[in-house]
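Worksheet: one structure, shown below.
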Amino acid sequence: MVHELFSPGVQHVLDLVGIFVFAISGALLAVRKNFDVFGIVVLAEVTAIGGGVLRDLVIGAVPPAAFQDLGYFGMPLLASLLVFFLHPHVERINWGIALFDAAGLGLFCATGTIKAYSYGLGYVSSAVLGLATAVGGGLMRDILANDVPSLLRWDRSLYAVPAMAGAAITALCIRFDVLNAVSTAGAILTAFVVRMLALRYDWRAPRAWNRRSAAVEVEE
Amino acid sequence: MVHELFSPGVQHVLDLVGIFVFAISGALLAVRKNFDVFGIVVLAEVTAIGGGVLRDLVIGAVPPAAFQDLGYFGMPLLASLLVFFLHPHVERINWGIALFDAAGLGLFCATGTIKAYSYGLGYVSSAVLGLATAVGGGLMRDILANDVPSLLRWDRSLYAVPAMAGAAITALCIRFDVLNAVSTAGAILTAFVVRMLALRYDWRAPRAWNRRSAAVEVEE
Amino acid sequence: MVHELFSPGVQHVLDLVGIFVFAISGALLAVRKNFDVFGIVVLAEVTAIGGGVLRDLVIGAVPPAAFQDLGYFGMPLLASLLVFFLHPHVERINWGIALFDAAGLGLFCATGTIKAYSYGLGYVSSAVLGLATAVGGGLMRDILANDVPSLLRWDRSLYAVPAMAGAAITALCIRFDVLNAVSTAGAILTAFVVRMLALRYDWRAPRAWNRRSAAVEVEE
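Protein sequence lines correspond, in order, to chains U, G and P. Each residue of the first sequence is one higher than the one before, starting from 0 at the first, in numbering that gives the first Met the number 0. Each residue of the second sequence is one higher than the one before, starting from 0 at the first, in numbering that gives the first Met the number 0. Each residue of the third sequence is one higher than the one before, starting from 0 at the first, in numbering that gives the first Met the number 0.
So, in structure tokens, the structure goes:
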């Protein structure tokens, strides 16, 4: 069984931490957008559980995990409460949030891949769903807030690539039958470290070919 | 069986009325956005059945109810036709639309909660899905129209709170085993009345803490 | 069995061609929006497989076909690669893209209708899902790119109507038990030809009634 690499208790705590930090990013965007308290909660919930719900619908795991465990609803509520009262302070600890968000990203790309595989999907599809679990919530957050998804934008540091790396490593570990707590932790850590480096050194993905030439830049 | 509180005929008629008024709001937004007749129909259909389809996908009730009863497709078509030809008159009877919309909101938050519970979800999850049934279509309408969802905006009167109240009352009635036609009608009526009062007196939800201080307003 | 009208091999090739040209349109929009290479791939994938995944979720065909065949992921990758390096040339062959896109539209509205029917849906619901298969990906593409969906806009030539025609003809063929390779090809061809004519002669759907009078235009 690839389901439970860590003890269920540990995995659950990790899940809840990941959900919490994703929820913080949703709630903060809602505050910036001047939404009301309900908008804050909706954006926090969607950001936190959206990716996992999408994955569960695709693999046929209904009702999705988020609807079977009150903690999944509860953490975003807690995050909303925190942001509602303390958002200037929360914004100030941006670095801390980025740290937790990178941890959530790493965690979800690995656990999403494993869950998809355990429902009978192939290696590539599982990795794609791991990626979708990790970045889907943020995508929905930006759509709801009527922003161009930061995931797609050229002027943001790499976000999908670390998650792709983590998901791919996890899928390869499954493929070569070396998935265990250590190798999963390695996949999570890889995604986490790549994300933090991308953020620190502002690594970006290239845009389409001729957009990179100076001539074109001027022309624009 | 919590399924059929009212006679099936009555419930079906109520459902169709709710769908019709939700479709009107979608069609009117499409007209305001200068969409063509097909855009009007799409927005009417999505607004009317989007919330229910989302709920059915989450609880695993596939194909969703809307794909099993032609009335669910037909009512939005009728609403589109009406708006297509008479939209200046329809806009003028805004108060009537608000009335029906509030009725649809109340109805869907209660029936959505009941349907989710009857598919084995917990009390809280059922209430969340009741809420999603009631407000999901409107959310999709605004996303398709490329607007910031009015559900999330601070400068709109309370919309989610009445639906939350209705869904919560319904879930509590199920929990304490007192769900019947009368208590369900009470839940629907509560959501309806709270929504109408919110509209009449322009009740709003608070924004994040310091956004309410005048100092911050100026600073913005 | 309505499943396999053409030999499976032929149908698979047609599917992949349709996916490829839809992916091109997604990738080109991403380039225009200045997204990075990952944004190009995401938009290509969503445009190409979004409609089919939506249909499969609604009819309960999980995991969706796109997650069971690597070709469905692979073609959009290929399209992204092409657009990434050659996009000025690809844009220049707009007419060729429109041709393939119309072919994809025709193909997907027919095969979508047939698949939905084979999962037990009614004639009308099947046709609606055929339409959704054909236009759903483009809708998601525009939502992700934060554009008003071109499907809904008045100032674009007919796109949904050809797909509706193709889906309706397919459903009627099923209804009157005359569905075969020839009649399906007829449905596909009808959608294709109507779309090409709409593009060539800039056919548009009407907007709501009074919006068409000159007086109102001025007033706006």
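Glycine is no exception: its CB is placed at the ideal position from the N, C-alpha and C atoms. Model, not experiment: these values are computed from the prediction.
Length-filtered (4 minimum) alpha helix (DSSP H) runs lying within the stretch 13–59 of chain P:
Those alpha helix (DSSP H) runs which fall completely within the stretch 13–59 of chain P and span 4+ residues are 36–58.
Note down, in chain order, each residue of its chain lying with its Cβ closer than 8 angstroms to the Cβ of P:Ser24, except the 5 sequence neighbours on either side.
Annotation for P:Ser24: Thr46, Ile96, Asp100, Gly137, Arg140 place their beta carbon closer than 8 angstroms to its own, counting only its chain and skipping 5 residues before and after.
Span of the alpha helix (DSSP H), counted from its first residue to its last, around P:Phe191:
Note, P:Phe191: alpha helix (DSSP H), 180–199.
With a CB to CB cut of under 8 angstroms and the five nearest residues on each side skipped, what residues in its chain are close to U:Arg174?
Only Tyr122 meet the Cβ criterion.
Count Cβ pairs between the stretch 181–189 of chain U and the stretch 163–173 of chain U that sit closer than 8 angstroms; are there 3 or more?
By the Cβ test, the stretch 181–189 of chain U is in contact with the stretch 163–173 of chain U, since at least three Cβ pairs between them sit closer than 8 angstroms.
Looking at the C-beta of G:Val217, does it have a partner C-beta in chain U at a distance below 8 angstroms?
With a pLDDT of 35 at G:Val217, under the threshold of 50, the predicted position of this residue should be treated as unreliable, though the coordinate-derived value follows. Not closer than 8 angstroms to any Cβ of chain U, the Cβ of G:Val217 fails to qualify, so no.
Can you tell which of P:Ile39, P:Leu151, P:Ala186 has the C-alpha that lies nearest to the C-alpha of G:Val36?
The candidate whose alpha carbon is nearest that of G:Val36 is P:Leu151.
Can you check DSSP and say which residues form a bridge with U:Arg152?
According to DSSP, U:Arg152 bridges with P:Phe34.
Among P:Ala22, P:Asp55, P:Trp208, which residue has its Cα nearest to the Cα of P:Gly70?
Of P:Ala22, P:Asp55, P:Trp208, the smallest CA-CA separation from P:Gly70 is found for P:Ala22.
Same chain only: Cβ atoms within 8 angstroms of G:Ser124, ignoring 5 sequence neighbours per side:
Within the same chain, Ala115 come within 8 angstroms of G:Ser124 by CB-CB distance, once the 5 residues on both sides are set aside.
Residues of the stretch 6–24 of chain P whose Cβ lies closer than 9 angstroms to any Cβ of chain U, in chain order:
Within the stretch 6–24 of chain P, no residue has a Cβ that lies closer than 9 angstroms to any Cβ of chain U.
Endpoints, the alpha helix (DSSP H) within which P:Gly136 is located:
Where P:Gly136 is concerned, the enclosing alpha helix (DSSP H) stretches over 122–143.
Determine, using beta carbons only, whether U:Asn33 comes closer than 8 angstroms to chain G.
Chain G, which has a Cβ nearer than 8 angstroms to the Cβ of U:Asn33, makes this yes.
Counting Cβ pairs closer than 8 angstroms, one from the stretch 61–69 of chain G and one from the stretch 78–92 of chain G, do we hit at least three?
Contact between the stretch 61–69 of chain G and the stretch 78–92 of chain G is absent: fewer than 3 CB-CB pairs across the two stretches fall below 8 angstroms.
Contact set between G:Leu56 and chain P, taken where Cβ atoms lie within less than 8 angstroms
Near G:Leu56 (Cβ distances below 8 angstroms), the residues of chain P are Leu56, Val57.
Give the list of continuous alpha helix (DSSP H) stretches no shorter than 4 residues that lie fully inside the stretch 60–113 of chain U.
Runs of the alpha helix (DSSP H) lying entirely within the stretch 60–113 of chain U and spanning at least 4 residues, in chain order: 69–91.
Over the uninterrupted alpha helix (DSSP H) stretch that includes U:Leu171, give me the two end residues.
For U:Leu171, the enclosing alpha helix (DSSP H) stretches over residues 159–174.
Spatial neighbours of U:His220 in its chain, beta-carbon cut-off 6 angstroms, leaving aside the 5 residues before and after:
Nothing about residue 220 of chain U can be read from this structure; chain U reaches only from 0 to 219.
State the beta-bridge partners of U:Arg206 as determined by DSSP.
Beta-bridge pairing links U:Arg206 to P:Asp35.
Hey, out of P:Leu15, P:Phe34, P:Phe19, P:Val20, whose CA is closest to U:Leu157's CA?
Closest option to U:Leu157, Cα to Cα, is P:Phe34.
Have a look at U:Leu188 and G:Ala186 and give me their C-alpha separation to the nearest angstrom.
U:Leu188 and G:Ala186 have their C-alpha atoms some 49 angstroms from each other.
Between U:Pro62 and chain G, is the shortest Cβ-Cβ distance under 8 angstroms, so that the two count as touching?
Yes, U:Pro62 counts as interfacial toward chain G.
May I have the straight-line CA-CA distance separating G:Asn93 from U:Gly49, to the nearest angstrom?
Straight-line Cα distance between these residues: approximately 34 angstroms.
My output table needs one value for P:Gly8: the three-state DSSP class, helix, strand or coil.
Reduced to three states, the DSSP call for P:Gly8 is helix.
Coil, strand or helix - U:Tyr116 by DSSP:
Here U:Tyr116 sits in helix by DSSP.
Pick from P:Trp208, P:Ala207, P:Arg203, P:Leu15: whose alpha carbon is nearest that of P:Phe107?
Checked all of P:Trp208, P:Ala207, P:Arg203, P:Leu15; the closest Cα to P:Phe107 is P:Leu15.
Quick check: the Cα distance between U:Gly160 and G:Gly17, rounded to an integer number of angstroms?
For the sequence presented, residue 160 of chain U should be read as Val rather than Gly. Straight-line Cα distance between these residues: approximately 45 angstroms.
If you drop the 5 nearest sequence neighbours on each side, which residues of the same chain put their C-beta closer than 6 angstroms to that of G:Gly105?
Listed in chain order, the non-local C-beta contacts of G:Gly105 below 6 angstroms within the same chain comprise Gly165, Ile187, Ala190, Phe191, local neighbours out to five positions each way being set aside.
Under 8 angstroms, do G:Ala144 and G:Leu27 count as touching if we go by C-beta distance?
Contact flag unset, no.
Of all the options U:Ala131, U:Asp146, U:Ile39, which has the alpha carbon lying nearest to the alpha carbon of G:Ala207?
The shortest CA-to-CA distance from G:Ala207 to any of U:Ala131, U:Asp146, U:Ile39 is the one to U:Ile39.
Kindly list the residues whose CB is nearer than 6 angstroms to the CB of U:Ile58, restricted to its own chain and excluding five residues on each side of it in sequence; keep chain order.
When the five nearest sequence neighbours on each side are left out, the beta carbons in the same chain lying within less than 6 angstroms of the beta carbon of U:Ile58 are those of Ala115, Tyr118, in order along the chain.
For P:Tyr200 and P:Val193, what's the separation of their Cα atoms in angstroms?
P:Val193 has its alpha-carbon roughly 10 angstroms from the corresponding atom of P:Tyr200.
Output needed in chain order: residues of the stretch 160–191 of chain G with a Cβ under 9 angstroms from some Cβ in chain U.
Within the stretch 160–191 of chain G, the qualifying residues are Val160, Met163.
Listed in chain order, which residues of the stretch 137–152 of chain P have Cβ atoms closer than 8 angstroms to some Cβ of chain G?
Correct list: Leu138, Ile142, Asn145, Asp146, Val147, Pro148, Leu150, Leu151, Arg152.
Is G:Gly38 close to chain B? Criterion is C-beta to C-beta, closer than 8 angstroms.
Included in the structure are the protein chains U, G and P, with no chain B among them.
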